[in-house]
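Residue numbers (the working numbering), protein chains in the order written: chain W, 1 to 253; chain H, 254 to 506; chain E, 507 to 759; chain X, 760 to 1012. In this text, a Cβ means the ideal position worked out from N, Cα and C, and glycines have one as well.
Number of protein chains: 4
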Amino acid sequence: MKHVKTFIITVILSITLSGFITAQESETEWVPELTEGWTPVDDSVQTFSPGEAPSDAIHLFDGTDLSAWTSTNDDRRDAGWAIDDGAVTVVPGSGNIQTRRRFGDVQLHIEWKTPEMIDGDGQGRGNSGVFLQGIYEVQILDSWQNSTYSNGQAGSIYKQKAPDVNASKAPGEWQSFDIIFEAPRFDDDGSLIKPAYMTVHHNGVLIHHRYELDGPTKYIGLPEYTPHAEKLPIMLQDHSDKISFRNIWVREL
Amino acid sequence: MKHVKTFIITVILSITLSGFITAQESETEWVPELTEGWTPVDDSVQTFSPGEAPSDAIHLFDGTDLSAWTSTNDDRRDAGWAIDDGAVTVVPGSGNIQTRRRFGDVQLHIEWKTPEMIDGDGQGRGNSGVFLQGIYEVQILDSWQNSTYSNGQAGSIYKQKAPDVNASKAPGEWQSFDIIFEAPRFDDDGSLIKPAYMTVHHNGVLIHHRYELDGPTKYIGLPEYTPHAEKLPIMLQDHSDKISFRNIWVREL
Amino acid sequence: MKHVKTFIITVILSITLSGFITAQESETEWVPELTEGWTPVDDSVQTFSPGEAPSDAIHLFDGTDLSAWTSTNDDRRDAGWAIDDGAVTVVPGSGNIQTRRRFGDVQLHIEWKTPEMIDGDGQGRGNSGVFLQGIYEVQILDSWQNSTYSNGQAGSIYKQKAPDVNASKAPGEWQSFDIIFEAPRFDDDGSLIKPAYMTVHHNGVLIHHRYELDGPTKYIGLPEYTPHAEKLPIMLQDHSDKISFRNIWVREL
Amino acid sequence: MKHVKTFIITVILSITLSGFITAQESETEWVPELTEGWTPVDDSVQTFSPGEAPSDAIHLFDGTDLSAWTSTNDDRRDAGWAIDDGAVTVVPGSGNIQTRRRFGDVQLHIEWKTPEMIDGDGQGRGNSGVFLQGIYEVQILDSWQNSTYSNGQAGSIYKQKAPDVNASKAPGEWQSFDIIFEAPRFDDDGSLIKPAYMTVHHNGVLIHHRYELDGPTKYIGLPEYTPHAEKLPIMLQDHSDKISFRNIWVREL
Chain W
1 MKHVKTFIIT
11 VILSITLSGF
21 ITAQESETEW
31 VPELTEGWTP
41 VDDSVQTFSP
51 GEAPSDAIHL
61 FDGTDLSAWT
71 STNDDRRDAG
81 WAIDDGAVTV
91 VPGSGNIQTR
101 RRFGDVQLHI
111 EWKTPEMIDG
121 DGQGRGNSGV
131 FLQGIYEVQI
141 LDSWQNSTYS
151 NGQAGSIYKQ
161 KAPDVNASKA
171 PGEWQSFDII
181 FEAPRFDDDG
191 SLIKPAYMTV
201 HHNGVLIHHR
211 YELDGPTKYI
221 GLPEYTPHAE
231 KLPIMLQDHS
241 DKISFRNIWV
251 REL
Chain H
254 MKHVKTFIIT
264 VILSITLSGF
274 ITAQESETEW
284 VPELTEGWTP
294 VDDSVQTFSP
304 GEAPSDAIHL
314 FDGTDLSAWT
324 STNDDRRDAG
334 WAIDDGAVTV
344 VPGSGNIQTR
354 RRFGDVQLHI
364 EWKTPEMIDG
374 DGQGRGNSGV
384 FLQGIYEVQI
394 LDSWQNSTYS
404 NGQAGSIYKQ
414 KAPDVNASKA
424 PGEWQSFDII
434 FEAPRFDDDG
444 SLIKPAYMTV
454 HHNGVLIHHR
464 YELDGPTKYI
474 GLPEYTPHAE
484 KLPIMLQDHS
494 DKISFRNIWV
504 REL
Chain E
507 MKHVKTFIIT
517 VILSITLSGF
527 ITAQESETEW
537 VPELTEGWTP
547 VDDSVQTFSP
557 GEAPSDAIHL
567 FDGTDLSAWT
577 STNDDRRDAG
587 WAIDDGAVTV
597 VPGSGNIQTR
607 RRFGDVQLHI
617 EWKTPEMIDG
627 DGQGRGNSGV
637 FLQGIYEVQI
647 LDSWQNSTYS
657 NGQAGSIYKQ
667 KAPDVNASKA
677 PGEWQSFDII
687 FEAPRFDDDG
697 SLIKPAYMTV
707 HHNGVLIHHR
717 YELDGPTKYI
727 GLPEYTPHAE
737 KLPIMLQDHS
747 DKISFRNIWV
757 REL
Chain X
760 MKHVKTFIIT
770 VILSITLSGF
780 ITAQESETEW
790 VPELTEGWTP
800 VDDSVQTFSP
810 GEAPSDAIHL
820 FDGTDLSAWT
830 STNDDRRDAG
840 WAIDDGAVTV
850 VPGSGNIQTR
860 RRFGDVQLHI
870 EWKTPEMIDG
880 DGQGRGNSGV
890 FLQGIYEVQI
900 LDSWQNSTYS
910 NGQAGSIYKQ
920 KAPDVNASKA
930 PGEWQSFDII
940 FEAPRFDDDG
950 SLIKPAYMTV
960 HHNGVLIHHR
970 YELDGPTKYI
980 GLPEYTPHAE
990 KLPIMLQDHS
1000 DKISFRNIWV
1010 REL
C-alpha cells in the first residue's frame, strides 16, 4: 500500500487588487487558487483486472476456500457449501452462510449463476439472495424469461423495489452484482438518523440509484426499521436451489 | 409592496498578499468579502398580528365570504358551507369544497375547531381534512382523549405518518395547522422528479419535518404517485361532522 | 405529563375473499385496516397561548431570570446581561452567553428586538445572532430598510443562505424566530453521517425550508464540518448592540 | 427489443380470518401477496462483454468513426480528433468536441488513457475532462504519482469534490469511468427543483456516491446553478494533451 507523497508547494503570491466595485451582485475578486482543495486523497488503490479485486478490497471468496464464512444457524460452524472449480455452490438444506467479518457501508462485488438446467418457475427457479447486514436483500433469481412479481425478480430489492430494467443473462451464465450499500444509522435512543441506501449494477447495467430502503426485507407486511449494530455480516441464502458464486470482494467505505 | 432599494456600495480595495505558503491543506488568502452574497431578497413581506396574514399572502377566508371556494363536485357551484361569526362550518352532506385558485408549493395557515359537544368516537368524531392539491391530506379529527389508529389521528399525514406528538386542544377550542407543502414534480414522460414533502406545526408544535410522502392519500392500499398538474386546488373535506374553519391564508413559495 | 390511555379494541373479522385474479398489475385484496398504524403517539403536549410554551418545552427564559445561561467565555460565570421588564438585553462588552444545558435536534422559539433608536448601518446596526450548538448561526440584525449583503441580513444562515424573503419588523418591535434545527451526526471515525438542517420562520413567515448547512458558520472562507459532540449549548451573541430577548423556549426533538 | 411476456396468474384465494384482536399495535392479517408488485419491468437489456455495450445503450464511439460528435466551437463542423487503432485522440488546438445528440439523465461508460511518455506535471500532465451536459465536469488527468490540488485530480468533480480514493492507473494504461448522472431540473420560472447528482466508478472503484453538485464546473469562484435545457450534449475537452478515448456508450435513464 503506497501513501500520498508529502509534497511541498511553494507559492509566492503578490497580488494587488485595487479598484472600485459598484456592487449589486458583486464581490471582491476571486482567484482560481481559492477553490482548490489540498486535503490528500488516499491513493492506495491499485489497478485490477477482471476476476481480481482492487488493492484495498477484502476478498471474501477468491475461488479456493470459505474461511471467511460460517453457517448462519451456528456461527461456530464452518459454511457447508461446496467448492468446485473456483466457485462455491449452495448445498440445499445446509442453510444460509454469512461472513465472519461484519460490515457497515460497503462496495460489494459478487458473481453468481443459476443452474443451466431449468427446474421450476417463478420464485421456485434459481432462487437465492445477497443480504447486506444479513437483513437487506438483493434478490438472486433466474429471471431469464421467467415471470414473477417484479419486486421479486433478479436484482430487486426484495419486495421493496423492482430493478429499473431486467439485465439478466441466461441460466448457466455468470452474472454480477456491484452493490453500493450505505448502512442505516441509529441514535443512542434507537431512532433512525439515516436510512439504508443501495445503488446496484446488474451485469454492468444500473438497476437502482441510491434507493432509500424502507427497512429490512420482509416477506409478509411492510418493512420497518428497528435499531441494530453498525456492522453486521453479509449473508448468502440457501433457498434450496444450487446457485453458484465466485469472486466476492468488498471495499469498506 | 416595497422593493429593495438599489444600493451603491463603493469598495476600495488595496490588498497586498505576499508570503510563502507551504501547502498540504492550504490556499491563497481568503477575505470576508468573498463569501458575502448580494443577490437582493424580496422584502415585501410586512408584519402581521394574530388573525391577520403576511402582506404577501393570499387570504382564502378572512371571515366574511367564501368567494375563493367552490363545491368540489361541481366547480361552477359556490361552496355550500355556512358562515357565521367569522367562521365557516361544514354543512354535512353538502360535499367537499375547494379553492378556485390552484397552488403548487405553499405555506398554508388554517384554523379549525371540532364541535364542543362530543358525538361518536375514533374516526367518527370531529372528522375532516385539509387536502393539499386536493389529494395530499393532513387529517383533522377530534383527537382529544379519543383513540384511533395513530396515522389517522389529528395532524397525521393520513395513513402515511402519525404526528410526532399529539398537540390537540379540547373540542370546541380553536386549533391551527401551519403547513409547508412542496408539490411533487413530474417529468414530461410522467416519471417522478421530486416527491411531495410536508412540514406541519399543530398549534405551534412541530409534528412533521419535511416528511417525504409516498404518494396521494389512499384509504385502502399503499399510496403511489401518478403524474398531475403543477398547480391544483386546496380542498376541505365534508366528512359529515360540523368542523369550523377561520383565518385561512396561503403564501406561494 | 399524561400518557396514552391503554385502549382495547375488539375487532371481529370475518372476511372471505375468493375469486380469480388475472394479474398484470394486481394483487390480493387490500382492506383499509392494513394501512392503519397503532403505535401510540405521545400526547403529553398541552396547548399554549402566545407568550407561553408548549407543555413539553424547556423554558430557557421566561422573563424573570437567566439561571439557564452562563457566560460563554467562562461557563462557571453567570450570564452578565441585563433583565428588565420581562426581557433580557445585551450588555455590550460582557460577551456571549450560552445555555447550561446542551441540545441536539430542537424546535426553538425566540423573540428579539433591535433598538428603536437607529445607530449605524449595514452589519453595524442591531447585530446579534442565535447560534445553535454554539456554531450554527441564524443572524439577528436590524434589516428594516438597511442594506447589507443578503446572506448577512436578518434571518440569514450567516454567510451560507439569505432568507427567502425579508420579513423584518421595524426597529423597536418584537420579532420572532421559530427554528427547527437538526444537528449533524458524525461516525465514530469522525466522518459526517448527516449534515445539519434548518427550517426557519421569521415572524411567522417561512424563510428557510430544511436547508442543508455546509458546516459551521464562518466569517472568512468556506464552511466545513468538523466532528463535535451530539449535544452542545445554544449561544446568543454580544455584537456590541443592545438587542433584547424574551420568551425563549426549546423542545427536544 | 423484447418485451415482457404477458402472463396469467390464477390465484384462488379463500381466506377466512376470524378472531378477536386486542390492539395496541396490531392489525388485520397480512399475506405475502399484498407486497408483491406486478408492474412489468423492461427486459430489453441484453448481456454484454467487455468492450461492448448493453443492448439498450447508444454507442457514441465504437472505435471506427466520430459521426456522433461535432466540434464544440461550431456544431456544423465534424469533430477534428484523430482515430487510430480503435481509439480517438485529442488533436491539440482543434478544440473540444461534443455529441450531436443531447442527454439528460444517463449512465455513461468511457475509457481513456493519458500519454505513456510523461510530460509536464500537476494540471499540465495528461489533462482533459468529460463534461456532462457540456458543463458538469469529471476531471481526466494523469494522477499517477502526480501532485495537484485534490479536487482537481483524476476523477474529481472539478473544483467541487475530490475522489474518495485515487484509483488511477499508470500513464499509457487504459482507464474507465462509469458515471451515473442525474441532470438538474428547473421550474418554468427558472428556479431549481432538483440539483445534479453524480455517482462515479473509476476503474471499477467507487469514488463518488450520488454527490450533489453545487452547480456547473467553475474555474474561478463558486459554482451556482443557472437554468438550462433538460437535454444537452456531452463534451470532451481539448486541454492540449493527447488523451485517447475508446468504447464510449451511454444509457438514457
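Interface residues of chain H facing residue i [CB-CB closer than 9 angstroms]
i, result
"X:K953", "R438, I446 and K447"
Unbroken beta strand (DSSP E) run spanning residue i, endpoints
i, result
"H:Q413", "Neither: H:Q413 is in no beta strand (DSSP E) and is coded neither H nor E."
"W:R251", "S244 to E252"
"X:D937", "Q934 to E941"
"X:G822", "Per DSSP, X:G822 belongs to no beta strand (DSSP E) and is neither H nor E."
"X:Y970", "V964 to E971"
"X:V959", "Y956 to H961"
"E:W618", "V612 to K619"
"E:F637", "S634 to L638"
"X:A838", "Per DSSP, X:A838 belongs to no beta strand (DSSP E) and is neither H nor E."
"W:E137", "Y136 to I140"
"X:A929", "Element bounds for X:A929: n/a, residue is neither H nor E."
"W:I220", "From DSSP, W:I220 is part of no beta strand (DSSP E); its letter is neither H nor E."
Presumed contact (8 angstroms Cβ cut-off) between residue i and residue j, rounded CB distance
i, j, result
"W:Q139", "W:S156", "5 angstroms"
"X:T858", "X:P992", "4 angstroms"
"E:M704", "E:L719", "7 angstroms"
"X:Q996", "X:S887", "5 angstroms"
"X:V1009", "X:A846", "In fact, because the Cβ distance is near 18 angstroms, the residues do not count as touching under 8 angstroms."
"W:P115", "W:P171", "6 angstroms"
"E:K619", "E:W680", "5 angstroms"
Contacts that residue i makes with chain X (C-beta to C-beta distance below 7 angstroms)
i, result
"W:Y219", "P791"
Buried versus exposed call for residue i [16 or more other C-beta atoms within 10 Å across all chains shown]
i, result
"H:I473", "exposed"
"H:E477", "exposed"
"H:D395", "buried"
"X:G949", "exposed"
"X:G885", "buried"
"H:M488", "buried"
"X:P986", "exposed"
"E:T578", "buried"
"X:P975", "buried"
"H:R330", "exposed"
"W:D119", "exposed"
"X:T798", "exposed"
"H:S497", "buried"
"H:S421", "buried"
Cross-chain neighbours of residue i in chain W, by beta carbon under 8 angstroms
i, result
"X:E795", "Y149, N151, G152 and K159"
Under 9 angstroms from the C-beta of residue i: neighbouring residues of chain A
i, result
"W:D42", "You won't find chain A in this structure, because its protein chains are W, H, E and X."
Contact list for residue i against chain H, beta-carbon separation under 8 angstroms
i, result
"E:T732", "Per Cβ cutoff of 8 angstroms: no residues; E:T732 is ~13 angstroms from chain H at best."
Contacts of residue i in chain E (Cβ-Cβ under 8 angstroms)
i, result
"H:T452", "I686, T705, H715 and R716"
"H:T292", "S656 and A668"
Chain W contact residues for residue i, given Cβ-Cβ distances below 9 angstroms
i, result
"X:P813", "V165, A167, N203, G204 and V205"
Interface residues of chain E facing residue i [CB-CB closer than 9 angstroms]
i, result
"H:T367", "By Cβ distance, chain E contributes nothing, its closest Cβ being about 14 angstroms from H:T367, past 9 angstroms."
Interface residues of chain E facing residue i [CB-CB closer than 7 angstroms]
i, result
"H:L466", "Ordered by position in chain E, no residue passes the 7 angstroms Cβ test against H:L466, which lies about 14 angstroms from the chain."
Chain-ordered chain W contacts of residue i [CB-CB under 7 angstroms]
i, result
"X:V1009", "Residues of chain W passing the Cβ test: none, with the nearest at roughly 11 angstroms."
"X:V804", "V165, N166, A167 and V205"
Can you list, in chain order, the residues of the stretch 171-182 of chain W whose Cβ is nearer than 9 angstroms to any Cβ on chain X? E173, Q175, D178, I180 and E182
Members of the stretch 655-666 of chain E near chain H, C-beta cut-off 7 angstroms: Y655, S656, N657, G658, Q659 and K665
Looking at chain X, which residues of the stretch 86-118 of chain W have a Cβ within less than 7 angstroms of any of its Cβ atoms? Q107
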